[in-house]
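What follows is a single structure, written as structure tokens, with notes after it.
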DNA sequence: AAGAAAAAATTATACGATATATGATCTGAG
DNA sequence: CTCAGATCATATATCGTATAATTTTTTCTT
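Chains as they are written, first to last, in this note's numbering: chain A, 61 to 303; chain B, 61 to 303.
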């Protein structure tokens, strides 16, 4: 009996491919404002040798950026940077590039606002549709958070996992699709908070309160608990940013 | 003086590229369940000549699918279909492919649920942050809807534009990023409704009510009005589906 | 002079052949 | 049983050339 290959999870590539590295490099220049909307890239041949890669690699990189709405290319007209408006900002890659490039205050505000729109409602739905397995998963995640604390990678991962589980419990695929984006948001803001030394308020009581509401099927309270949780994270982040 | 090139809007390509056609074809086979999660594609060379395209084109097509989380490819292991869980379901292309491939009842339910999560909150935010220009845009969209009715393409486009404007009025980029996805959802469900002959209830009163709430800055009422609007669309769609 | 049609220039797109690097699988030693 | 190394199929990367699409320019017609 061989170990069953995991079809469930798509493992990330261990080594990044060249075309992806090029795509990321171009994307960072775009989100960083170095290449503003409307910017036309040099002709393919010339651009490729300037970057020191083959044309095929450059083309594949552009293909990735095109599929995320960041650029568009047409014969004769060339390849140009699209207006920010048409980017797929919720795409996990775009979101990650954006944050790595230094998220602005407005962007962080938008992120928390999105969380306040999505997660409280998700908590409400989770309370109505939960099942045993997901509840134990949530409990385990909380236990790990408690044991490792948010100062450790494991603890932070458990925090993110907990929020993912709430979105999963909605049993709505589209809500679950938001989970990657929201996880990215949590990871980045947690990183900001951990930069300042003095530890922020312990968020475990709020997490446990939320869990209890979901476990008891108390939808309205679950919503309120999630709002409280996000507000706490928001204010902690703002405090951390001010230093 | 030449006409200023529009940087604002990224015009869609007039003629679809080969790689995009291939990507769409593969994507349809995937979302249609013909190629289930875990399916491994034949070796690149072989697969390319089977489809009658060059390997470059096939590679670029896979690059698009990879960037949307639908497949992942590694040397030696080949290219395989990812679990649905890791697809970027909110990506406009993925959503469109999904719908073109015949959306299931559960999927439509998820779509309306997403709208109920996002749009009422957006209406609330819009009421608080609106400006004159957006209000006149909304009024114009409603006027067009009234004049052309939902039976025409123009009328349907105006309906979608109205909902986009509400999301724009939130002044939150991430919420605006959801607008393409939601527009796709509206377009597809409106198409379903228009398939049955007897016209559904006229939704214009609800639209005007929503507009008034936003114009007056009445956030709580705007939320309620949006909920009413979506509920109406939902029940009309369900009725249409039952025939 | 004005407008339409044709030609040219420019660019992305498409193709196929070749070389490289990667990682899954097998093999053997410990 | 475990782990290090060899192997080999496969994706990855590069190159040269040919094609198609679209804007710009020119030419022709009116």
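Glycine included, every Cβ here is placed at the ideal spot set by N, Cα and C.
- Residue-level contact by beta carbon fails for residue 86 (chain B) and chain A, as no gap is shorter than 8 Å.
- Taking the beta carbon of residue 119 (chain B) as reference, the chain A residues within 7 Å of it are 120, listed in sequence order.
- Straight across, the Cα-Cα distance linking residue 146 (chain B) with residue 126 (chain B) is about 11 Å.
- Across the stretch 162 to 188 of chain B, CB contacts with chain A closer than 9 Å involve 166, 167, 169, 170, 171, 173, 174, 176, 177, 178, 181, 182, 185, in sequence order along the chain.
- Closer than 7 Å at the C-beta level to chain B, one finds these residues of the stretch 120 to 139 of chain A: 120, 123, 124, 127, 128, 132, 134.
- In chain order, 264 place their CB closer than 7 Å to the CB of residue 206 (chain B), counting only its own chain and leaving out the 5 sequence neighbours on each side.
- Nearest CB-CB separation between residue 200 (chain B) and chain A: not below the 8 Å threshold.
- In the structure shown, the three-state DSSP call for residue 209 (chain A) is coil.
- Your pair residue 267 (chain B) and residue 289 (chain B) checks out as a contact, with CB atoms roughly 7 Å apart and the cut at 8 Å.
- The beta carbon of residue 223 (chain A) sits closer than 8 Å to the beta carbons of 179, 239, 242, 243, 246 from its chain, once the five residues preceding and following it are set aside; these are given in chain order.
- By the rule that beta-carbons nearer than 8 Å mark a contact, residue 76 (chain B) does not touch chain A.
- Of all residues in the stretch 141 to 156 of chain A, those with a C-beta nearer than 8 Å to a C-beta of chain B are 142, 143, 144, 145, 146, 147, 148, 149, 150, 151, 152, 153, reading in chain order.
- Of the other Cβ atoms in all chains shown, fewer than 16 fall within 10 Å of the Cβ of residue 261 (chain B); this residue is therefore exposed.
- By DSSP's assignment, residue 133 (chain A) forms a beta bridge with A:139.
- It is roughly 18 Å from the alpha-carbon of residue 174 (chain A) to the alpha-carbon of residue 225 (chain A).
- When the beta-carbon positions are compared, residue 159 (chain A) and residue 248 (chain A) come within less than 8 Å of each other.
- In the three-state reduction of the DSSP assignment, residue 105 (chain A) falls in the helix class, which pools H, G and I.
- When DSSP reads this structure, residue 100 (chain A) sits in a beta bridge with A:140.
- Note on residue 212 (chain A): under 16 other CB atoms within 10 angstroms of its CB, so exposed under the neighbour-count rule.
- Annotation: Cβ neighbours of residue 235 (chain B) in chain A (cutoff 8 Å, chain order): 170, 173, 174, 177.
- Contact annotation: residue 157 (chain B) and residue 85 (chain B) have beta-carbon atoms that are not nearer than 8 Å.
- Residues of chain A with a Cβ closer than 7 Å to the Cβ of residue 116 (chain B) are, in chain order, 116.
- DSSP, reduced to helix, strand and coil, places residue 113 (chain B) outside both helices and strands of the structure shown, so it counts as coil.
- Here residue 194 (chain B) has 225, 228, 229 as same chain residues with Cβ atoms under 7 Å from its own Cβ, once five neighbours each way along the sequence are excluded.
- Comparing alpha carbon positions, the residue from A:220, A:132, A:299, A:112 closest to residue 76 (chain B) is A:132.
- The three-state reading of DSSP puts residue 224 (chain A) in helix, counting H, G and I together.
- Proximity to residue 117 (chain B) across B:234, B:80, B:168 peaks at B:80, based on C-alpha coordinates.
- About 6 Å separates the beta carbon of residue 97 (chain B) from that of residue 142 (chain B), a gap short enough to meet the 8 Å contact definition.
- Judged by beta-carbon spacing, residue 184 (chain B) lies within the 8 Å limit of residue 283 (chain B), meaning their Cβ atoms are closer than that value.
- For the pair residue 113 (chain A) and residue 149 (chain A), the CB atoms are not nearer than the 8 Å cut-off.
- Between the alpha carbons of residue 186 (chain A) and residue 274 (chain A) lies a distance of about 6 Å.
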